[in-house]
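Q: There's a structure below that I have some questions on.
Residue numbers (our numbering): 8 to 317.
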């Protein structure tokens, strides 16, 4: 109980500091979120977790065209803080954002040091002093330290799904690959992995992700958002991966489907037991696993929350 109380107090002070920052920012010139870029727009694998997100990440980084770091739950907070403190001197503001990554409790899965990113970001000319350039330098640093210099970078963090509209303010030309899976299998997978103790919470997250998917598909042109179902990805992987490669404007190669032989560089996969399946070839075995696990009452509740229709 004491820990919960301390946590609430801590969150209050963070909220208060950010709120004061937002208030002050109205009286000072703020740094911009984005600007013209001289690098390819990033791409984001989004969708509710347990939907094949890590599988797709593993496939796309299996050759020498793309790089996607382990998950980072930094983007929403970094965007909020940059906007709140955008009036601060650039070296202070940029260090604040880079430090958000370093302070993230699972940043060790990136297995890199951001000192050089700190230095390069501070030296950016005024025209590039934007949040988008900070993110670019951080992700490019990951690529460089992993020996993948020059690769186009992307992100795969499920929670970013519900913040996609905010990410678009930082990268207006970003591409989104939305992965969707039968919510009945999703909730069962979440509970089995120990990430939730009951079915209703992941069902609500699935619905929030679905709502954002619908919003993006209405808002963005076809070359910026692509819907892929988990079921199609594992049933006809070659066709689906070819479509994804076309969308991302990269070359398809059969070696992408041999991803499971190259998992050592993925970082978080080696730290998370629930990613163990990535070390095996694609299979359809996980389709329909909810059968025999969910009671009729569970099914009714999930259907009520997700509005999912078979």
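A virtual CB, placed ideally from N, CA and C, is assigned to each residue, including glycine.
For residue 128, which option in 270, 96, 73 has the closest C-alpha, if you only look at C-alpha atoms?
A: 96
Q: Could you give the distance in angstroms between the alpha-carbon of residue 315 and the alpha-carbon of residue 241?
A: 20 angstroms
Q: I need the DSSP call for residue 297, collapsed to helix, strand or coil.
A: coil
Q: Under three-state DSSP, which class holds residue 164?
A: coil
Q: Taking a contact to mean a Cβ-Cβ separation below 8 angstroms, would you say residue 138 touches residue 40 in this structure?
A: yes
Q: Within a Cβ cutoff of 6 angstroms, which residues of the same chain sit near residue 284, ignoring the five residues on either side of it in sequence?
A: none
Q: Kindly indicate which residue of 306, 239, 103 has the alpha-carbon position closest to the one of residue 292.
A: 239
Q: Taking contact to mean at least 3 C-beta pairs separated by less than 8 angstroms, is the stretch 147–157 in contact with the stretch 91–106?
A: In the pairwise beta carbon analysis, the stretch 147–157 is classified as not touching the stretch 91–106: fewer than three pairs are separated by under 8 angstroms.
Q: Less than 7 angstroms between C-beta atoms, sequence neighbours within five positions excluded: which residues of the same chain meet that for residue 73?
A: 67, 158, 159, 161, 257
Q: Leaving out five residues before and five after residue 1 in sequence, what residues of the same chain have Cβ atoms less than 6 angstroms from its Cβ?
A: For the chain, the structure presents residues 8 to 317; residue 1 sits outside this window and is missing.
Q: DSSP state of residue 182, grouped into three classes?
A: In the structure shown, residue 182 sits in a strand (DSSP, three-state: E or B).
Q: Given 8 angstroms as the limit, is there contact between the stretch 107–126 and the stretch 181–199, that is, 3 or more CB pairs closer than that?
A: no
Q: Any idea which residues DSSP pairs residue 52 with across the strands?
A: DSSP, once it has assigned bridges, lists 163, 184 as partnering residue 52.
Q: Starting from the N-terminal side, write out each stretch of the beta strand (DSSP E) that is 3 residues or longer and does not extend beyond the stretch 101–174.
A: 159–163
Q: Please list the terminal residues of the continuous beta strand (DSSP E) segment that includes residue 313.
A: Here residue 313 belongs to no beta strand (DSSP E); instead the alpha helix (DSSP H) covers 303–313.
Q: Given this structure, state the Cα-to-Cα distance separating residue 301 from residue 199, to the nearest angstrom.
A: 12 angstroms
Q: Considering only their Cβ atoms, is the gap separating residue 216 from residue 251 smaller than 8 angstroms?
A: no
Q: Could you tell me which of 268, 208, 197 sits nearest to residue 287, measuring between CA atoms?
A: 268
Q: Is it true that the CB of residue 78 sits closer than 8 angstroms to the CB of residue 163?
A: yes
Q: Using the three-state DSSP reduction, which class does residue 235 fall into: helix, strand or coil?
A: strand
Q: With a threshold of 7 angstroms (Cβ to nearest heavy atom), would residue 124 be considered close to the ligand ZN?
A: With respect to the ligand ZN, the structure offers nothing, as it holds no ligand at all.
Q: Between residue 207 and the rest of its own chain, which residues show a CB-CB distance below 7 angstroms, the 5 nearest in sequence each way excluded?
A: 308, 312
Q: Report back the beta-carbon spacing between residue 80 and residue 166 to the nearest angstrom; my notes put them in contact at under 8 angstroms.
A: 6 angstroms
Q: Got a sec? Which residues, its chain only, sit under 6 angstroms from residue 260 by beta carbon, not counting five neighbours each side?
A: 70
Q: Going by DSSP in three states, residue 39 sits in which element: helix, strand or coil?
A: strand
Q: Let me know if residue 60 comes out buried or exposed under the rule of 16 or more other beta-carbons within 10 Å of its beta-carbon.
A: buried
Q: If you reduce the DSSP assignment to three classes, tell me which class residue 63 lands in.
A: helix
Q: What residue range is occupied by the uninterrupted alpha helix (DSSP H) comprising residue 246?
A: First-last of the alpha helix (DSSP H) with residue 246: 244–255.
Q: Can you give me the start and stop residues for the alpha helix (DSSP H) that residue 190 sits inside?
A: 190–199
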